[in-house]
Amino acid sequence: MGSNLISNFIQFSIAKQEGRVYTFLNGLNDKLDKFCSDVLQTILFPTIKQAYTHVH
1491 MGSNLISNFI QFSIAKQEGR VYTFLNGLND KLDKFCSDVL QTILFPTIKQ AYTHVH
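Each number in this note's numbering comes from the position in the sequence shown (counting from 1) with 1490 added on.
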């Protein structure tokens, strides 16, 4: 596989994971805005599991 194909695959996977996190956080109660903000301020973008664990 070419490096461009691998790079595109990795970028797609990351974008898909970020989309899941945004969808999850967007669906939460407004009372949890502080937790959502905390999750989004992490240095490395969290996985959906990490976001759920932080909010839960």
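Don't be surprised by glycine CBs; every beta carbon is placed ideally from N, CA and C. As the structure is a computational prediction, the values presented were derived from the model and not from experiment.
With 16 as the cutoff for other CB atoms within 10 Å, does residue i come out buried or exposed?
i	result
A1541	buried
Since residue i and residue j should fall inside the 8 Å C-beta cutoff, what is the C-beta to C-beta distance between them, to a whole number of angstroms?
i	j	result
F1525	E1508	Wrong, their Cβ atoms sit about 17 Å apart, outside the cutoff.
From this set, the options, which residue's C-alpha is nearest residue i's C-alpha?
i	options	result
K1506	H1546, N1516 and I1538	I1538
I1532	F1499, S1497 and V1511	Reading off the sequence shown, one finds Thr at residue 1532, where the question assumed Ile. Out of F1499, S1497 and V1511, V1511 has the C-alpha closest to the C-alpha of T1532.
T1513	S1493, L1495 and L1530	L1530
K1521	S1497, N1494, H1546 and F1502	H1546
Skipping 5 residues on each side, what residues in its chain have a beta carbon closer than 7 Å to that of residue i?
i	result
D1528	H1544
So, at 6 Å on beta carbons, what are the nonlocal neighbours of residue i in its own chain, with the 5 sequence-adjacent residues on each side left out?
i	result
L1515	C1526
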